[in-house]
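Numbering (this note's numbering), first residue to last: 25 to 122.
C-beta atoms are modelled at their ideal positions from N, C-alpha and C, and glycine is treated no differently.
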Amino acid sequence: YRSVYSRKNISVSAGQLTMHHAEDPFQLPPQVVIKPLPQLYVYDHCPFCVRVRVALGLKNVKHNLVFLMNDDVDTPTGLVGKKMCPIFEVGTKGQPDH
25 YRSVYSRKNI SVSAGQLTMH HAEDPFQLPP QVVIKPLPQL YVYDHCPFCV RVRVALGLKN
85 VKHNLVFLMN DDVDTPTGLV GKKMCPIFEV GTKGQPDH
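Now the structure itself:
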């Protein structure tokens, strides 16, 4: 059995795992800063919230992270009309988005 994972530079051959050093390591893109900083409302246990946090991290988007308690109904309902997360809020009501 022979399999090569070129993205991670890992070779698996006959049950042996070999790591290779990449010549071009992963580099973050330039940091994206939006004024005012967007707010990301998340539940700590929510897998969808984790996906959004990973995506923002990989895209290097600066944001404020707000953890909501599971029994907090007022905050998400006031923002989007339902108790659901993640909520990505860019700008605030009544302010321009620049």
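- If you look at L64, you'll find it in the beta strand (DSSP E) that goes 63-66.
- One Cα belongs to V97, the other to K107, and the distance between them is close to 6 Å.
- Checking the DSSP bridge columns, you'll see V85 partnered with V56.
- F91 is bridged by DSSP to V66.
- Taking 8 Å as the cut-off, the Cβ atoms of L64 and P110 count as close.
- A straight-line Cα-Cα distance of about 13 Å links V56 and V114.
- Collapsing the DSSP output to three states places F112 in a strand.
- Around the beta carbon of L52, fewer than 16 other beta carbons lie within 10 angstroms, which makes this residue exposed.
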